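Residue numbers for the sequence shown follow my numbering, so the first one is 1 and each next one is one higher.
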Amino acid sequence: MQPHDTVQSVAATHNVTPEELARTNNISVDSDLSHIAVLTLPPNATTPATSDQQPPPQAPAQKTDAAIAAYDAAVKQRDDAVHSAPHNGSIRQDIFTSESDAVDQAQKAMDAAIKDEIGGQIASRNAGVPADFQTPSDQIIKSAGDAIAARHQGDAVAQSAIGNSVDAYQMQQKTDALIPSFSGPLKASDKLARLSTNLQGQPQDVIDHVAADPRVQGWISDAAKEAGHESTADCAKDLADLTQNVPPDIARQVIQQWWTPADPNDLVASASPSGVASMAASDKDTYKNLAAIYGALGDDPQSQSLKQQIASTIAGQQQDNPTVASRTFADAISDGGDAKLAIDVASQMQAAGKTDAAKYVMGAAKLGTITMQKQTLTQDMQAYGKQTQELKALIDDLGPGLTPEQKQNAINGYIASKSKDWQDQLAAIKDKLVSDTRAFSGDIGALLDVPDNVKQLAPSRDFLGKLTDDDTTHQAIAFAATQDPSVFKTKEAGEGALLMLEVAHKSKDFVAAVGSAYIGRNILPALADLKNPNDPAQIAKVNQALQNLKDVAGIMGLPKSDIDEGTDKLQKAITALTTPAENTGLAEGVQGLNAATAELSELKDFSFISGPAGLLFRTAALAISGGALLSQTGATMDDPSIKNGLAELAFGVGAAQDAAHFGTALNLVDRNSNLGKWGLGTSEAGEATEKFVGVLNVFYFADIAVGGAQKNDTATELFSVAGVAGGALSVFGGSEALGGLAGPIGFGIATVASIGVGVAEHYAKQREYHEAEVKFLEDAGIGDNIRAGMLSVPPEQIQDMQNRGMSPEQIQIQLTYPTDVHGRPY
């Protein structure tokens, strides 16, 4: 030892941390070394270089530890300076600020050292390893970060700084992986659309970090400029297309920069906000596009302010002569445009004292919605029925003698045998019907919840209820709900769905379709998205979801006692998640989750748990507990530990038989599959819980299908669209109503309609129709003998056999073998 040596100086000389040197010698880092002759060096210590040789390069870990020690020293120097200063707040703040520059520099050096150490581990761990077998970067970063923290155990200052540095590095790694690279000329809007695909399913903090990245900010600015140099109509269309494909915050930023550009030269006059707003009053397509932009903006204060500016601009332009605008708005709304924009324009007119103008525009919103119901939806149904009338006839004539699987195979084969033009036309008609139903539901909800200053101008709740209580409307909405439950994903559409369920509660098929879609796309996501159980606003939102659950479950015919018992248990679980304000750490959160799960596990003992109510409440229980787990950990469904945790919760509340069952459900959730639309892209849940909502819908809508998937075969029984109606394919109405197969999953599912469309022309071509019957039964997998028997009798006989309670299998046997071995008829 040399005079004036300290633990810190010796440690630095030999490239070890002061803590390592102190532990090796059973002393503290502040020990006086003047009476110590010899110190024992840790095993990883290095010999200092002599004057005639270069010091050996530091290992990454040594660089990191040295940087952390320097950070500790800078923090200590700053704190000592502050503590030694006079007891004057202003002076101490000045000293703190001046000394913080050194701390900031030390932190940047520490961040760089940690980045280099962890980056080297990622590279070495995966070097030469095929992509499919590489260790995920997230796992390596977490493991390396834990190791760095362990080397500085007991150092509170270092622990916090290391954690922040590792988190920042991990976030930047995720950001870099999610932001795509492009080569060649490509529009900024296309870049943002591609980016948004990558962001699907990511936690909100990751999305926020990506959106703030300079590369993405550049694309946002460029997208606004691109739209600003288009013609008026093209500007509105391009912005509408863009906002439908990106997260709400990115949509808002693009629209904000277009609406108030930093440089006015970024806009041509025709594509200015005032130009587009003016054209929306005379061109229905421009109104529809501007309304789509309006609806894509979020509910945050910035988006609300931007919406107000848009509505106010239109109101100011049209309030003195609203006649043309009113006609345009009504035409656009009847053709699928969003009524919410017109309603808010009327509110702005009313606020400006232009009551007559507000009446015109509110009248347009009402008239457009009525026309949508009376004409557009009916025309959509007729078009679909005409396109599928032969298929409808085949299902009516031969369907009663086929099992659900045979019927599904026959439909698949029929559609596959048609030309691409026919298939494309069918898809286009179906998509338009679904789109128009979505618009109609949203318009009903928007008219139910108009701003206070125009409530006296809006149609009454009774009027809107009667408007939805129409057979054709029921059939159209039931069809859309089975094809894509996202028709109810917005707040307005959800309100519309609740009213329709209220009014049509006696229509079993309608309630089954709409009620289940509403539960899957509004209630389950809301229950799964409780990010902070101590936030009164979030608790209020979940409590409202529970109330809606009670209302809808009651309309769907579940016993009141079961509903009350189930929702009471869910409410207790939510209460258990709440922690005192002073104890909001992760440990307390986990305790709350455990308490909530314990409450929910009692659902398995309820008397109704094996029935329809049981399925609903088991899934709701998983939504609450699984959503809480995702929120507390900040992880996604792709994290293996989260998958295991969710599987345990699913088993604990009775929503899954075992972990394999849960894993199968997870694997079924794919954005490009038929199940995708039943769980993904939900607006109610946050992005982090998006895929989890898909899993919830698997359990609610397709539990039996999961069992089939586990056996690697096509499920022969699927839950009906009601989710709670048992294993069967859903058939709506009679021969003149919306009929055929409907449900959230399956392959090539087609729902057919015949509203005012006859099939006489098909029967006039007996030969062609007979060939279609033969092909239909062949596709169903019916053998020659059974097929001959089924085709030898009139359709009315097969229908009569079904009406007498015979199953499809019994019908096939009797038609093939009309007598037993003794010649007696069956």
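In this text, a Cβ means the ideal position worked out from N, Cα and C, and glycines have one as well. Here the structure is a predicted model, which is why all the values come from computation and not from measurement.
6 Å CB neighbourhood of residue i in its chain, flanking five on each side removed
i: residue 439; result: 336
i: residue 114; result: 64, 165
i: residue 145; result: 166
i: residue 99; result: 78, 81
i: residue 801; result: 811
i: residue 410; result: 776, 779, 780
i: residue 787; result: 777
i: residue 748; result: Reliability fails at residue 748, whose pLDDT of 27 lies under 50, so the model's placement of it is uncertain and no value is given.
i: residue 827; result: Since the displayed the chain opens at 1 and closes at 826, residue 827 lies outside it and no answer follows.
i: residue 356; result: none
i: residue 428; result: none
Assigned exposure category for residue i - 16 Cβ within 10 Å defines buried
i: residue 587; result: Since pLDDT at residue 587 reaches only 46, below the 50 mark, its modelled position is unreliable, and no value is offered.
i: residue 473; result: buried
i: residue 745; result: Annotation note: pLDDT 29 at residue 745 (below 50); position unreliable, coordinate value reported separately. Counting Cβ neighbours within 10 Å, residue 745 comes out buried, since at least 16 surround it.
i: residue 259; result: buried
i: residue 88; result: exposed
i: residue 536; result: exposed
i: residue 422; result: exposed
i: residue 817; result: exposed
i: residue 19; result: buried
i: residue 843; result: As displayed, the chain neither begins before 1 nor continues past 826, which places residue 843 out of reach and without an answer.
i: residue 304; result: exposed
i: residue 548; result: buried
i: residue 47; result: exposed
i: residue 15; result: buried
i: residue 468; result: buried
i: residue 827; result: This structure gives no information on residue 827, because the portion of the chain shown stretches from 1 to 826.
i: residue 369; result: buried
i: residue 289; result: buried
i: residue 147; result: exposed
i: residue 466; result: exposed
i: residue 729; result: Note that residue 729 has pLDDT 27, beneath the 50 cutoff, so the model's placement of it is unreliable and no number is given.
Cβ shell of residue i (< 8 Å), same chain only, five flanking positions each side left out
i: residue 207; result: 199, 247, 249, 687
i: residue 782; result: 402, 406, 790, 812
i: residue 827; result: Any property of residue 827 remains undetermined from this structure, which presents the chain solely from 1 to 826.
i: residue 103; result: 71, 74, 75, 78
i: residue 152; result: 17, 19, 65, 68, 158, 159, 162
When the options are compared against residue i, the one with the closest alpha-carbon
i: residue 299; options: 377, 324, 492; result: 492
i: residue 555; options: 39, 348, 512; result: 512
i: residue 785; options: 119, 812, 806; result: 812
i: residue 278; options: 306, 305, 312, 264; result: 312
i: residue 520; options: 646, 505, 497; result: 497
i: residue 397; options: 441, 772, 484; result: 772
i: residue 470; options: 26, 158, 373, 302; result: 373
i: residue 619; options: 137, 649, 807; result: 649
i: residue 617; options: 495, 524, 86; result: 524
i: residue 570; options: 528, 540, 624, 357; result: 624
i: residue 792; options: 803, 774, 809, 265; result: 774
i: residue 110; options: 142, 60, 203, 122; result: 60
i: residue 67; options: 158, 302, 43; result: 158
i: residue 197; options: 242, 123, 160; result: 242
i: residue 309; options: 321, 347, 187, 338; result: 347
Sequence-distant residues of the same chain with beta carbon closer than 7 Å to residue i, five excluded per side
i: residue 96; result: 78, 82
i: residue 306; result: 252, 255, 256, 259, 297
i: residue 69; result: 17, 18
i: residue 459; result: 366, 447
i: residue 363; result: 326
i: residue 10; result: 21, 39
i: residue 500; result: 468, 477, 514
heavy atom of the ligand ZN below 7 Å from residue i C-beta
i: residue 212; result: As far as ligands go, the structure on display features none, and thus does not contain the ligand ZN.
_Residue ranges of each beta strand (DSSP E) within the region 135–211, 3 or longer_ = As far as the region 135–211 is concerned, it has no whole beta strand (DSSP E) run of at least 3 residues.
Q.
To test your reading of the DSSP string, which unbroken beta strand (DSSP E) runs of 3 or more residues are found completely within the region 393–469?
A. none
**Message:** Ignoring anything shorter than 4 residues, give me the alpha helix (DSSP H) runs that lie fully in the region 487–517, in order along the chain.
**Reply:** Listed in chain order, they are 491–503.
Quiz item: What residue ranges within the region 41–107 form continuous alpha helix (DSSP H) runs of no fewer than 4 residues, ordered along the chain?
Solution: 60–84
Exercise for the section: Kindly provide the ranges of any alpha helix (DSSP H) runs that are 4 or more residues long and lie completely inside the region 308–392, ordered along the chain. Expected result: The region 308–392 contains these whole alpha helix (DSSP H) runs: 323–334, 339–351, 355–371, 377–387.
* Complete alpha helix (DSSP H) runs within the region 237–279 (minimum length 4 residues, chain order) -> 248–259
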